[in-house]
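Each residue of the sequence shown is one higher than the one before, starting from 15 at the first, in the numbering used here.
Even glycine gets a Cβ: it sits at the ideal position worked out from N, Cα and C.
The block underneath contains the structure these notes are about, expressed in structure tokens.
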Amino acid sequence: MLIAPSLLSCDFSRFGEEIKRMDKAGADYMHLDVMDGHFVPNITFGAPVMKYVRSFSDKTFDVHLMISEPLRYIDDFCDAGADVITFHVECDSDINATLDKIKSRGVKSGLVVKPKTPVESVFPYLDKVDMILIMTVEPGFGGQSFMADMLPKVSALRAELSRRGLDVLIEADGGIGAGNIKACADAGVDVAVAGTAVFKADDPAAAIAQLKDICA
Ligand code: DX5
Ligand code: ZN
């Protein structure tokens, strides 16, 4: 299991240092939650801020766009150093145009599915993406409870990818910790986002190691 700490739970007065701390703690990806106060009822940060923290780690910057019009901002996030950009299948931008734009910039792309959205909504795009992110909480805030009833969506996606022979990573995001990460792994999750479970731990390195051990 790859572990992607969600920086949403970090101390933003020390954003760069927090990224460095997660890098040293053994994070595989840096998960950056971008919210616009419109697609979700919360506002975080955008590409100008991300650009300043990019140099604090060489790890994969996994940018989760919770914004209504991702297509308008793809160039900005690519310029700021995104390695993977995921955006919601429920957004207002044209999905194919947005995926094509990300690909044209040589960046990996993915689609995100909210809890109430059927996973089949992303099936038409599976041959164009590098990753699918299944939300296991309603997007907008860290620290919510994991929705175990989202795991059948992961299994269905895993089965569809196998059936079509596609190499697409499955990421899960929201409420993941030691008590449920094994169930995520068993359902077919490759990358687990963890905000609270890593940042609220006394020893983030031990927390990341434990999450990996549970799945190994
Ligand atoms: C929620 C974000 C998540 C969240 C994860 O909208 O996409 O990445 O911050 O945090 P925890 O692990 O605390 O649920
Ligand atoms: Zn996220």
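Is the beta carbon of residue i less than 8 Å from the beta carbon of residue j?
i: valine 203; j: alanine 186; result: yes
i: lysine 130; j: aspartate 97; result: no
i: threonine 100; j: methionine 145; result: yes
i: aspartate 42; j: glutamate 32; result: no
i: alanine 94; j: lysine 65; result: yes
i: isoleucine 17; j: isoleucine 222; result: yes
i: leucine 225; j: methionine 15; result: yes
i: proline 19; j: methionine 44; result: yes
i: alanine 201; j: serine 169; result: yes
i: valine 103; j: glycine 124; result: no
i: valine 207; j: leucine 171; result: no
i: aspartate 47; j: serine 71; result: no
i: glycine 120; j: serine 23; result: no
i: valine 67; j: glycine 40; result: no
i: methionine 149; j: valine 126; result: yes
i: glycine 154; j: proline 55; result: yes
Taking buried to mean at least 16 other C-beta atoms within 10 Å of its own C-beta, is residue i buried or exposed?
i: phenylalanine 53; result: buried
i: aspartate 141; result: exposed
i: serine 118; result: exposed
i: leucine 21; result: buried
i: alanine 220; result: exposed
i: arginine 28; result: exposed
i: proline 166; result: exposed
i: proline 218; result: buried
i: serine 69; result: exposed
i: isoleucine 81; result: buried
i: alanine 230; result: exposed
i: isoleucine 57; result: exposed
i: proline 138; result: exposed
i: leucine 180; result: exposed
Determine which residues share a DSSP beta bridge with residue i and list them.
i: glutamate 185; result: Leu147, Val205
i: leucine 79; result: Val48, Phe101
i: alanine 230; result: According to DSSP, which records beta bridges pairwise, alanine 230 is partnered with nothing at all.
i: threonine 58; result: Paired residues: none, contrary to the question.
i: threonine 74; result: Tyr43
i: serine 123; result: Ile99
i: alanine 18; result: Val207
Item to check | Contact the region 72-86 vs the region 169-177: 3+ CB pairs below 8 Å | outcome: Output reads no: the region 169-177 does not touch the region 72-86.
Checklist entry - Should the region 84-91 be called in touch with the region 100-112, which here means at least 3 C-beta pairs below 8 Å? => result yes
Next on the checklist: I want to know whether the region 153-163 touches the region 186-198 - three or more CB-CB distances under 8 Å.
Outcome noted: yes
Item to check | By C-beta, the residues closer than 6 Å to any heavy atom of the ligand ZN, given in chain order | outcome: Ser20, His45, Asp47, His78, Asp187, Val207
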